[in-house]
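Novice: Pasting a structure here, questions to come.
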DNA sequence: TCATGAATCCGTAACGTTTCGGTTTTGCAA
DNA sequence: TTGCAAAACCGAAACGTTACGGATTCATGA
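Chains as they are written, first to last, in our numbering: chain A, 11 to 355; chain B, 11 to 355.
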């Protein structure tokens, strides 16, 4: 039914190879170019990417495994990456592993079998075992948001230490000293880093971090609610709380609401991510904002670069990706609202 | 490098066709089955889906075009659909068109060229012109959330009239009569329907809908803020507002906050979608909730059914998808919070 | 043991590209 | 005009699978 390269070769009287060469940007004599283009028009020819893929061993497709599509941070990054990659002819196959290690393994394996050219992953598993197949095959991997020890690949992170530090210092500047934190799981990279950043900033200011002021959740709304209630119950003297991700920020707000405590008056608060939610809070919530666009741009760029240099079937001799993994670390921002009370004023 | 079907044919001494038959669930003698399985183990063989795709003219991939990934409603549906489709061996290529008609066309064309087996679309364009290529090729389409006049394909909707009606009747039951509405664009299917539902419910209760109580936004947060402020400024007697999608609900809450008006006291409110946001509001927001799981399940099931019956290359004679488009309409729920004040009490 | 139908098996020809190597054509200087 | 390198062209052989039609094998009953 659909026209093939053969048809247009026949129609133009040219050879297969010439047409193919034209399609791939090769040089073709002017009059032949016109001939070919006319034939393509007339027969509505479009190259069969599958056949091409079989021959070139590239699918022009890249896989993505993320913990939760239904999560503004992930979704926003995906939107941006998808845009960039599609402009370069790459389709994005997105797999949501629901923050489950097993599902993550399954997803990676699925994508491997689908022969995606590369993998972008916001990892849930702590070791890189689930990435083995891509690593072994020399297909490029870019990690986002979380680093993985012992896995040599590109990686885009934010400066979590500094993000938490900034938040704590805002509290300090406004006269707060009993500053609580709702942190993430200590076995998650960002959870660790943000907690460390909080601790360091306190110590720098001469304040000894206290365990009773730290509640660790699991990055879920439910966890945020629980943590906030715990902190409130256990620390009547606490005046401020820093929350280390978006879901728990929402949870913390819910928790305060349910306890009948007014944010920004009785308890000051700094949350994380999602400017929209922050604006919707009353009073407006101060948050750490992550540079979504930059994260996405860097991830896409790292991936595209790898794809450009390596990946052909018969790479002559040398291993393709001997170039070691690069790490990009980006700065976060602070979106100031009215949720931090000045104790001096 | 990687083992092919030929290798395992050679290893086992069997023919190509026999191995292929085994791989596709055909019957093979017990001893050969064992032979083949051993060879597959030993050579780490896995079928090349691209080659298979070339031969069968199926990519086991389906395309999705949505207006906004960064939108809880879309994202949640995608998560569910992805899960189901992947369990059936289908990869999801998701394209975000950012609520832009041109981008939507581009995305559909991109997916068509990528030769996805089917298309799931939450359409932005009003006519179905962007779907032409899939329609002509007889590749299945499933629309979500919005119907398209004149396009014959499967479609999963919710009962928007009833959703809006329920909201209005809750207000009425609590003694409200001056009920405002923040609606979507009238050229968007759901926008139309929800507005009609609101109007009908009022008329049914003997109240004449008034234009001054209706503000139309563009389904964005910004729009929600603007509409809420407009309504508040123009209608000092208004006691309740129904908001017709999630983003505008968030906007409306922001708007009220910024005007210093307490939700559930001065103004009662019913929003849309996203139970999490509703819980985070103070007081808890009453919302219309859409049956995400059911929407996703139905869309996936409709798609899978089409894929099962049609699509092979040389369908003998008959057009594959003569079976006309089916429309599934699902009921919404109501998640009651404390944002509707009883004027009688 | 033989015939017989059913169940398996097999070789080969596609599917639509790219690529290898060799051949023809072109443009240009002599 | 001729010579010659460079540019453009070409056919055929892959890439790894499926599917057709015919060949082989099997179990079974006479």
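Just so you know, even glycine gets a beta-carbon here, dropped at the ideal spot from N, CA and C.
Please list, in chain order, the residues of the region 253-286 of chain A that have any C-beta partner in chain B closer than 7 angstroms.
Specialist: The region 253-286 of chain A vs chain B, Cβ under 7 angstroms: 260, 263, 264, 267 and 286.
Novice: Helix, strand or coil for residue 339 (chain B) per DSSP?
Specialist: Within the second chain, numbered from 1, the residue matching residue 339 (chain B) stands at position 329. Here residue 339 (chain B) sits in strand by DSSP.
Novice: Using the Cα positions of residue 135 (chain B) and residue 156 (chain B), report the straight-line distance between them to the nearest angstrom.
Specialist: Position 125 of the second chain, counted from the start, is the residue given in the question as residue 135 (chain B). Position 146 of the second chain, counted from the start, is the residue given in the question as residue 156 (chain B). In a straight line, the C-alpha of residue 135 (chain B) is about 10 angstroms away from that of residue 156 (chain B).
Novice: So residue 110 (chain A) contacts chain B; which residues on that side make the cut at Cβ distance below 9 angstroms?
Specialist: Residue numbering aside, residue 110 (chain A) sits at position 100 when the first chain is read from its first letter. Within 9 angstroms Cβ-Cβ: nothing; residue 110 (chain A) doesn't reach chain B, min ~11 angstroms.
Novice: Using a C-beta to C-beta distance shorter than 9 angstroms, which residues of chain B count as neighbours of residue 372 (chain A)?
Specialist: Any question about residue 372 (chain A) goes unanswered here, given that chain A covers just 11 to 355.
Novice: Would you check if the distance between the CB atom of residue 191 (chain B) and the CB atom of residue 252 (chain B) is smaller than 8 angstroms?
Specialist: Translated into the one-based positions of the second chain, residue 191 (chain B) becomes position 181. Translated into the one-based positions of the second chain, residue 252 (chain B) becomes position 242. Cβ distance < 8 angstroms, so residue 191 (chain B) and residue 252 (chain B) count as in contact.
Novice: List the endpoints of the continuous alpha helix (DSSP H) containing residue 93 (chain A).
Specialist: Along the first chain, one-based indexing puts residue 93 (chain A) at 83. Its alpha helix (DSSP H) spans residues 82-97.
Novice: With respect to the beta strand (DSSP E) encompassing residue 151 (chain B), which residues constitute its N-terminal and C-terminal limits?
Specialist: Numbered from its first residue, the second chain carries residue 151 (chain B) at position 141. Start and end: 151-154.
Novice: Going by the CB atoms, is the gap between residue 299 (chain A) and residue 234 (chain A) shorter than 8 angstroms?
Specialist: Along the first chain, one-based indexing puts residue 234 (chain A) at 224. Along the first chain, one-based indexing puts residue 299 (chain A) at 289. No, the pair does not count as a contact, with Cβ atoms beyond the cut-off.
Novice: How big is the Cα-Cα spacing for residue 225 (chain B) and residue 278 (chain A)?
Specialist: Here residue 225 (chain B) refers to the residue found at position 215 of the second chain. Here residue 278 (chain A) refers to the residue found at position 268 of the first chain. For residue 225 (chain B) and residue 278 (chain A), the distance between alpha carbons rounds to 35 angstroms.
Novice: Work out the CA separation of residue 50 (chain B) and residue 153 (chain B) for me, nearest whole Å.
Specialist: Here the question's residue 153 (chain B) lines up with position 143 in the second chain. Here the question's residue 50 (chain B) lines up with position 40 in the second chain. Distance between the alpha carbons of residue 153 (chain B) and residue 50 (chain B) is about 41 angstroms.
Novice: Using a cut-off of 8 angstroms between C-beta atoms, extract the partners of residue 106 (chain B) located in chain A.
Specialist: The sequence position of residue 106 (chain B) within the second chain is 96, counting from 1. Neighbours of residue 106 (chain B) on chain A, chain order: 88, 89, 92 and 93.
Novice: Please state whether DSSP places residue 22 (chain A) in a helix, a strand or coil.
Specialist: Walking along the first chain from the start, residue 22 (chain A) turns up at place 12. In the structure shown, residue 22 (chain A) sits in a helix (DSSP, three-state: H, G or I).
Novice: What is the rounded straight-line gap between the Cα of residue 296 (chain B) and the Cα of residue 297 (chain A)?
Specialist: As a working mapping, residue 296 (chain B) is identified with position 286 in the second chain. As a working mapping, residue 297 (chain A) is identified with position 287 in the first chain. The straight-line gap from Cα to Cα measures roughly 26 angstroms.
Novice: Please classify residue 97 (chain A) as buried or exposed, where buried requires at least 16 neighbouring CB atoms within 10 angstroms.
Specialist: Residue mapping note: residue 97 (chain A) aligns to position 87 of the first chain, counting from 1. Exposed: under 16 other Cβ atoms inside 10 Å.
Novice: If I measure Cβ to Cβ from residue 334 (chain A) and keep anything under 8 angstroms in the same chain, skipping five residues before and after, which residues do I get?
Specialist: For the purposes of this step, residue 334 (chain A) is taken as residue 324 along the first chain, with counting starting at 1. 162, listed in sequence order.
Novice: DSSP state of residue 259 (chain B), grouped into three classes?
Specialist: On the second chain, residue 259 (chain B) is found 249 positions in, with the first residue counted as 1. Three-state DSSP puts residue 259 (chain B) in a helix.
Novice: Which chain B residues are close to residue 69 (chain A), counting only those with a beta carbon under 8 angstroms from its beta carbon?
Specialist: Working through the first chain from its first residue, we reach residue 69 (chain A) at position 59. Residues of chain B passing the Cβ test: 60.
Novice: Specify, as a first and last residue, the run of the alpha helix (DSSP H) that residue 177 (chain A) falls within.
Specialist: Sequence index remark: in the first chain, residue 177 (chain A) carries index 167 (1-based). Taken as a continuous stretch (DSSP letters only), the alpha helix (DSSP H) holding residue 177 (chain A) covers 170-183.
Novice: With a Cβ-Cβ cutoff of 8 angstroms, do residue 227 (chain B) and residue 258 (chain B) count as a contact?
Specialist: Along the second chain, read from residue 1 onward, the residue named residue 227 (chain B) stands at position 217. Along the second chain, read from residue 1 onward, the residue named residue 258 (chain B) stands at position 248. Taking 8 angstroms as the Cβ cut-off, residue 227 (chain B) and residue 258 (chain B) qualify as a contacting pair.
Novice: Kindly indicate which residue of A:239, A:100, A:230 and A:73 has the alpha-carbon position closest to the one of residue 119 (chain A).
Specialist: For the purposes of this step, residue 119 (chain A) is identified with residue 109 of the first chain, where counting begins at 1. Cα-wise, what sits closest to residue 119 (chain A) is A:73.
Novice: Rounded to the nearest angstrom, what separates residue 14 (chain B) and residue 148 (chain A) at their Cα positions?
Specialist: To locate residue 14 (chain B), count along the second chain from 1; it is residue 4. To locate residue 148 (chain A), count along the first chain from 1; it is residue 138. Approximately 19 angstroms between the Cα atoms of the pair.
Novice: State the start and end residues of the unbroken beta strand (DSSP E) segment that holds residue 354 (chain B).
Specialist: Against the second chain, residue 354 (chain B) aligns to sequence position 344. Premise fails: residue 354 (chain B) is in no beta strand (DSSP E) and is neither H nor E.
Novice: Quick check for students: name the residue ranges of the beta strand (DSSP E) that lie wholly in the region 242-290 of chain B, counting only runs of 3 or more.
Specialist: Fully enclosed beta strand (DSSP E) runs of 3 or longer: 250-253 and 278-282.
Novice: Quick one: grab the DSSP three-state call for residue 333 (chain B).
Specialist: To locate residue 333 (chain B), count along the second chain from 1; it is residue 323. DSSP places residue 333 (chain B) in coil when its eight states are reduced to three.
Novice: Measuring CA to CA, which of B:348, B:19 and B:17 is closest to residue 184 (chain B)?
Specialist: For the purposes of this step, residue 184 (chain B) is taken as the residue at position 174 of the second chain. Taking only the C-alpha atoms, the option nearest residue 184 (chain B) is B:348.
Novice: Cutting at 8 angstroms between CB atoms, please list the residues of its own chain near residue 262 (chain B), excluding the five before and the five after it.
Specialist: The residue you call residue 262 (chain B) lines up with position 252 of the second chain. Counting only Cβ-Cβ distances below 8 angstroms, and skipping sequence neighbours, we find 192, 234, 235, 237, 238, 251, 253, 279 and 281.
Novice: From B:294, B:144 and B:336, pick the residue whose C-alpha is nearest to that of residue 350 (chain B); which is it?
Specialist: For the purposes of this step, residue 350 (chain B) is taken as the residue at position 340 of the second chain. Considering only alpha carbons, the answer is B:294.
Novice: Measure from the alpha carbon of residue 316 (chain A) to the alpha carbon of each residue in A:150, A:181 and A:202, then state which is nearest.
Specialist: Numbered from 1 along the first chain, position 306 holds the residue referred to as residue 316 (chain A). The candidate whose alpha carbon is nearest that of residue 316 (chain A) is A:150.
Novice: Between residue 290 (chain A) and chain B, is the shortest Cβ-Cβ distance under 8 angstroms, so that the two count as touching?
Specialist: Position 280 of the first chain, counting from 1, holds the residue named residue 290 (chain A). It does: the Cβ of residue 290 (chain A) has a partner Cβ on chain B nearer than 8 angstroms.
Novice: Is there at least one Cβ from chain A nearer than 8 angstroms to residue 56 (chain B)'s Cβ?
Specialist: Taking the second chain and counting its residues from 1, one reaches residue 56 (chain B) at position 46. Closer than 8 angstroms: yes.
Novice: Should residue 37 (chain A) be labelled buried (16 or more other beta-carbon atoms within 10 Å of its own) or exposed?
Specialist: Residue numbering aside, residue 37 (chain A) sits at position 27 when the first chain is read from its first letter. It counts as exposed.
Novice: Let me see if you follow: with CB-CB separation under 8 angstroms, is residue 25 (chain A) close to chain B or not?
Specialist: As a first step, residue 25 (chain A) is located in the first chain; it is residue number 15 there, counting from the start. With 8 angstroms as the cut-off, residue 25 (chain A) does not count as an interface residue toward chain B.
Novice: Using the DSSP secondary-structure output, state which residues sit across from residue 345 (chain A) in a beta bridge.
Specialist: The count along the first chain starts at 1 and reaches residue 345 (chain A) at position 335. DSSP lists A:297 as partners of residue 345 (chain A).
Novice: Based on the DSSP output, what are the partners of residue 130 (chain B) in its beta bridges?
Specialist: Within the second chain, numbered from 1, the residue matching residue 130 (chain B) stands at position 120. Bridge partners of residue 130 (chain B): B:74 and B:152.
Novice: Locate the alpha helix (DSSP H) running through residue 116 (chain A), then write down its first and last residues.
Specialist: Translated into the one-based positions of the first chain, residue 116 (chain A) becomes position 106. Where residue 116 (chain A) is concerned, the enclosing alpha helix (DSSP H) stretches over 111-123.
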